[in-house]
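Here is the structure we will look at, set down as structure tokens.
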Amino acid sequence: MPKALKDPLGHFLVLGLALFALFAWVTRDEASNDDRVIEVDRAALLSHIQYHARAFSPDAAAAHLDGMPDSELDRLIDSFVREEALYREALSLGMDQTDHVIKHRLVQSIEFITDDLALRTTEVSDDELEAYFQANRERYRIEPTVTFTHVFFNSERHGVEETRKLADEKLAELNRDRVPFTDAPGHGDRFLYLVNYVERTEDLVASHFGDEMAGAVFALVADDANWVGPLESRYGQHLVLLTGRTVGRDPELAEVEARLRADAEREVAEKRRDAAIEALIDTYDVRRQVVRNPPDPNE
């Protein structure tokens with residue numbers, strides 16, 4: 109037996125899908141005699157709810173079904189009936205055999221079920237979590253941030269020279285009147301993005317102002333009493349009041365444990381999924397009969 113088949117996920121793929129195929133074969137004759145009847149029962153609706161929620165949780169689906177108002181139940185039934193009718197028509201046309209789009213969707217359905225099961229049945233130990241953390245510390249680094257507000261002057265609106273003049277005059281006014289952080293929105297032109305930036309990373313600031321200005325802002329010393337500038341961005345001139353900054357650092361495991369555990373379990377689940385699919389493929393006799401006609405180099 110392939111190693112992957114010892115994994116419960118491998119058993120699900122090989123045995124579960126085999127049972128599904130057997131069920132389909134046994135019920136095919138019965139269904140063909142009654143293929144114009146669509147039975148809408150609790151089991152069908154629970155399955156419908158879970159597939160559309162992309163979460164296989166029978167208890168949650170049952171609670172949702174039992175708690176929904178009549179109007180929502182009617183819409184759910186209509187949705188199920190519509191989907192079932194169209195599905196049967198597609199089968200009657202043989203589209204599950206000949207339509208590559210439908211074939212791809214069926215493959216996606218199996219992959220989705222496998223992904224969900226793999227994730228639900230995967231747990232990492234504390235030792236495994238520690239090892240994963242040490243191997244991926246850079247991914248969880250806490251980036252430095254700045255907190256600042258700014259007053260903006262639009263160079264497209266005023267022209268380059270006038271924009272600089274307005275910014276210089278406003279800088280003197282802001283410092284003379286000791287304008288606080290909270291009053292910044294009452295000055296200058298409207299900026300495309302935000303006025304106040306609280307604990308924002310350099311990547312975020314650069315995406316709004318450009319790399320050069322972001323670097324200039326991160327080089328400033330925090331001082332909630334003095335406006336500085338003007339600093340130039342791709343849009344115009346900015347007067348900046350930098351009130352706080354945090355230093356980048358490597359966190360302790362406990363600080364990022366929830367995210368870390370989710371990432372580690374996802375990675376392990378993906379490996380288990382891939383191994384289970386490979387084990388499933390190994391149960392087939394794959395006969396390669398590829399015929400190619402290479403181009404004639406003399407032509």
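Its first residue numbered 109, the sequence shown is counted upward by one per residue in our numbering. Glycine included, every Cβ here is placed at the ideal spot set by N, Cα and C. The structure displayed is predicted, hence computed values, not measured ones.
Cβ-Cβ distances below 8 Å link L154 to P166, A169, A170, L173 in the same chain, with the five nearest sequence neighbours on each side left out; the list follows chain order. The segment 274–286 makes no contact with the segment 215–229; the number of CB pairs closer than 8 Å stays below 3. Around the Cβ of K278, a 10 Å sphere holds 16 or more other Cβ atoms; the residue is buried. Boundaries cannot be given for R249, as no alpha helix (DSSP H) includes it and DSSP labels it neither H nor E. Straight through space, the alpha carbons of L184 and I146 are spaced by roughly 14 Å. In this structure, the beta-carbon distance from Y305 to F261 does not fall below 8 Å. The beta carbons of L347 and P359 sit no closer together than 8 Å. For G296, the number of other beta carbons within 10 angstroms of its own is at least 16, and it is reported as buried.
As the crow flies, the alpha-carbon of A292 is around 48 Å from that of L227.
Counting only the Cα atoms, V303 lies some 48 Å from F188.
Within the model, the alpha-carbon separation for I157 versus T229 is close to 21 Å. Counting along the chain, the unbroken alpha helix (DSSP H) around T271 starts and ends at 268–284. A contact between stretches requires three or more CB pairs, one per stretch, nearer than 8 Å, and the segment 324–339 fails this requirement with the segment 372–388.
Minimum Cα-Cα distance from I250 among the listed residues V148, R367, A322, E270 corresponds to R367. For H316, the enclosing alpha helix (DSSP H) covers residues 310–317. DSSP lists no beta-bridge partner residue for N406. Annotation for M203: I210 place their beta carbon closer than 7 Å to its own, counting only its chain and skipping 5 residues before and after.
In the structure shown, L214 adopts helical secondary structure according to DSSP, grouped into three states.
Just so you know, the alpha carbons of G323 and V336 end up roughly 14 Å apart. Assignment of L300 by DSSP, reduced to helix, strand and coil, places it in the coil class. Each residue's CA atom was taken as its position, placing E307 and R353 some 7 Å apart. By alpha-carbon distance to S341, the top candidate from L300, T391, R150, P403 is L300. Between L350 and V254 a beta carbon distance of about 6 Å is seen, short of the 8 Å cut, so the two are scored as contacting. P288 carries a coil assignment under DSSP once its states are collapsed to helix, strand and coil. Straight across, the Cα-Cα distance linking V259 with V268 is about 16 Å.
Note on V313: 16 or more other CB atoms within 10 angstroms of its CB, so buried under the neighbour-count rule. Taking each of R144, V355, D178 in turn and checking the Cα distance to E197, the smallest one comes out for R144. Cα atoms of S263 and N283: separation of roughly 22 Å, rounded to the nearest angstrom. By the criterion of a C-beta distance shorter than 8 Å, R286 is surrounded in its chain by A333, once the five residues flanking it on both sides are discounted. In the DSSP assignment, H346 falls within the unbroken beta strand (DSSP E) covering 344–354. Assigned with DSSP and collapsed to three states, T206 falls in helix. Rounded to the nearest whole angstrom, the C-alpha separation of H266 and R298 is 13 Å.
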